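Asks: This is the structure, below, for whatever I ask next.
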Amino acid sequence: WWDNVGLAPKDPLLSVTEAFIADANPNNINLGVGAFRDDEGKPLVLQCVRDAEARIAGAEYLESISRQGTLKLVEESVKLAYGENSDVVKEGSFAGVQAISGTGACRLFAEFQRRFQPESRIYLPVPTWSNHHNIWRDAQVPQRTFQYYNLASKGLHFSALMDDVKNAPNHSFFLLHPCAHNPTGIDPTEEQWREISYLFKVKNHFPFFDMAYQGFASGDLEKDAQAIRIFLDDGHLIGCAQSFSKTMGLYGQRVGCLSVLCVDKNQATAVKSQLQQIARAMYGNPPAHGALLVSTILGDPGLKSLWVKEAKVMSDRIMKMRAALRDNLERLGSAFNWEHITNQVGMFCYSGLNPEQIDRLGNEFHIYMPNDGRISMAGVTTGNVDYLANAIHEVTKS
Ligand code: PLP
Ligand code: TYF
Numbered sequence: 017w018w019d020n021v022g023l024a025p026k027d028p029l030l031s032v033t034e035a036f037i038a039d040a041n042p043n044n045i046n047l048g049v050g051a052f053r054d055d056e057g058k059p060l061v062l063q064c065v066r067d068a069e070a071r072i073a074g075a076e077y078l079e080s081i082s083r084q085g086t087l088k089l090v091e092e093s094v095k096l097a098y099g100e101n102s103d104v105v106k107e108g109s110f111a112g113v114q115a116i117s118g119t120g121a122c123r124l125f126a127e128f129q130r131r132f133q134p135e136s137r138i139y140l141p142v143p144t145w146s147n148h149h150n151i152w153r154d155a156q157v158p159q160r161t162f163q164y165y166n167l168a169s170k171g172l173h174f175s176a177l178m179d180d181v182k183n184a185p186n187h188s189f190f191l192l193h194p195c196a197h198n199p200t201g202i203d204p205t206e207e208q209w210r211e212i213s214y215l216f217k218v219k220n221h222f223p224f225f226d227m228a229y230q231g232f233a234s235g236d237l238e239k240d241a242q243a244i245r246i247f248l249d250d251g252h253l254i255g256c257a258q259s260f261s262k263t264m265g266l267y268g269q270r271v272g273c274l275s276v277l278c279v280d281k282n283q284a285t286a287v288k289s290q291l292q293q294i295a296r297a298m299y300g301n302p303p304a305h306g307a308l309l310v311s312t313i314l315g316d317p318g319l320k321s322l323w324v325k326e327a328k329v330m331s332d333r334i335m336k337m338r339a340a341l342r343d344n345l346e347r348l349g350s351a352f353n354w355e356h357i358t359n360q361v362g363m364f365c366y367s368g369l370n371p372e373q374i375d376r377l378g379n380e381f382h383i384y385m386p387n388d389g390r391i392s393m394a395g396v397t398t399g400n401v402d403y404l405a406n407a408i409h410e411v412t413k414s
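In this text, residue positions in the sequence shown follow UniProt numbering: the first is 17, and each later residue adds one.
Shown next as structure tokens:
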């Protein structure tokens with residue numbers, strides 16, 4: 017039956033971890049997959065999650081698919097994204113469904129897009145999270161790209177981005193990272209977001225926000241949602257994928273939400289029913305446990321403020337490591353400018369290292385990262401930052 021099946025291409029990010037695991041050297045460092053690690057390099061289970069676990073222990077959710085749990089998760093998620101006092105939330109003019117984390121939310125939306133806007137395409141930033149390409153490909157939505165990163169400045173290529181937004185046919189779908197852009201760590205400024213939003217309005221484009229890192233860019237949930245709030249104020253109907261994998265350290269629980277803003281409640285009811293139907297044929301219902309943890313945390317002022325504190329601790333640790341890495345490289349007398357390490361935000365540093373240098377880091381120093389030079393800052397610790405800086409200095413010396 018399956019003679020025609022060849023090996024699927026490896027995921028570029030997941031193969032970094034494979035290379036790391038295969039290397040038993042005690043100095044090895046994994047700068048691959050973007051999941052948070054503490055200063056010991058260990059996965060972190062947040063105290064707010066532990067507390068929520070204790071609260072729901074014994075709850076009668078194990079057998080049943082909790083409609084209430086799902087509704088509560090969606091309600092709390094949209095409050096986070098759009099603001100507790102936003103009209104959308106107050107009026108309920110959104111179609112919101114629990115999704116299999118951020119990936120599943122994107123996949124559900126891509127499927128919905130193809131079904132109800134079958135002629136449309138999706139514009140993805142260059143670069144973007146590699147899985148975006150897979151997700152929209154599998155949903156059979158044709159892809160286009162728009163410029164985002166400027167190699168020369170190691171910053172945002174704002175004018176090129178605006179040109180591409182302008183030159184796209186009116187009524188196009190665009191995927192935007194509202195904060196902590198993966199992989200570059202570069203976000204538009206508030207003023208630039210306003211200009212982007214204005215141009216989207218003129219062009220009648222549809223903004224789809226993939227928000228996997230709310231709280232990770234600045235340590236402030238509201239500030240990290242500023243792009244979405246600007247588009248909201250400008251009257252856009254937007255789509256939004258939310259993930260709790262990184263921000264609550266729930267990677268294995270697959271908790272997420274997809275919301276699509278609608279003109280009114282009736283439209284929202286119709287859109288929601290279609291999203292649910294798509295989900296039903298793909299995986300039935302989403303799992304209950306993680307969703308209950310998240311809605312318990314978000315729905316309780318005490319647990320929520322504990323989460324905000326813990327999210328800040330995570331984002332502060334990453335910022336501290338950015339400063340330490342840059343300091344070390346400068347102290348070693350590196351001839352290069354490393355300002356971008358601290359200018360970029362979120363989980364990743366788009367280092368600018370080239371594939372040859374990255375190969376040397378792996379072969380000679382047991383340090384592993386994807387070959388686009390993206391460093392997961394969560395893999396950097398007080399214990400390994402000196403070694404890492406030395407190694408980067410060695411491979412960038414001419
Ligand atoms: N979107 C972006 C930009 C990401 O970086 C990730 C990373 O994990 C995801 C979506 C999806 O993550 P998950 O499916 O674990 O929520
Ligand atoms: O960008 C990352 O590292 C995370 C984790 O197919 C990830 O988003 C990587 C690859 C993938 C799924 C998740």
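Note that the Cβ used here is the ideal one computed from N, Cα and C, for glycine as well. The structure presented is a predicted model; accordingly, all values stated were derived computationally and were not measured.
State the Cα-Cα distance for the pair isoleucine 72 and leucine 60, rounded to the nearest angstrom.
Replies: Taking the straight line joining both Cα atoms gives about 20 Å.
Asks: When you compare only the Cα positions, how much space is there between leucine 29 and leucine 47?
Replies: 10 Å
Asks: What are the complete alpha helix (DSSP H) segments, minimum 4 residues, inside the segment 344-386?
Replies: 355-359 and 371-381
Asks: Just checking alanine 228 against the ligand PLP - is the residue's beta carbon closer than 7 Å to any of the ligand's heavy atoms?
Replies: yes
Asks: Is there contact between the segment 210-227 and the segment 40-59, where contact requires at least three CB pairs shorter than 8 Å?
Replies: no
Asks: Using CA coordinates, which residue listed in Val287, Gly171 and Asp250 is at the minimum distance from asparagine 359?
Replies: Gly171
Asks: Using only the heavy atoms of the ligand TYF, determine whether one of them is closer than 7 Å to the beta carbon of leucine 404.
Replies: no
Asks: Alpha carbons only, please: which of Asn301, Phe189 and Arg296 is nearest the one belonging to proline 134?
Replies: Distances from the CA of proline 134 to each of Asn301, Phe189 and Arg296 were compared; the closest alpha carbon is that of Phe189.
Asks: Can you tell me whether DSSP reads leucine 277 as helix, strand or coil?
Replies: strand
Asks: Taking any heavy atom of the ligand TYF as the mark, which residues have a C-beta closer than 5 Å to it, listed down the chain?
Replies: Here the residues come out as Asp27, Leu29, Val49, Gly50 and Asn147.
Asks: Just reading off the alpha helix (DSSP H) that asparagine 151 is part of, what are its end residues?
Replies: The question names asparagine, but residue 151 in the sequence shown is isoleucine. Per DSSP, isoleucine 151 belongs to the alpha helix (DSSP H) from 146-154.
Asks: Measure from the alpha carbon of leucine 96 to the alpha carbon of each residue in Phe162, Arg153 and Ala228, then state which is nearest.
Replies: Ala228
Asks: Does DSSP put alanine 240 in a helix, a strand or coil?
Replies: Note on identity: in this sequence residue 240 is aspartate, with alanine being the wrong assignment. In the structure shown, aspartate 240 sits in a helix (DSSP, three-state: H, G or I).
Asks: Quick one: is asparagine 186 buried, meaning 16 or more other Cβ sit within 10 Å of its Cβ, or exposed?
Replies: exposed
Asks: Pull up the distance between the alpha-carbon of alanine 407 and that of glutamate 207, whole angstroms please.
Replies: If you take the alpha carbons of alanine 407 and glutamate 207, they lie about 38 Å apart.
Asks: Give the DSSP-derived three-state secondary structure of asparagine 166 in the structure shown.
Replies: strand
Asks: Sorry if obvious, but does the Cβ on asparagine 46 come closer than 7 Å to a heavy atom of the ligand PLP?
Replies: Outside the cutoff, so no.
Asks: Quick one: what does DSSP say valine 142 is sitting in, helix, strand or coil?
Replies: strand
Asks: Please report the distance separating the alpha-carbon of aspartate 154 from that of proline 143.
Replies: 19 Å
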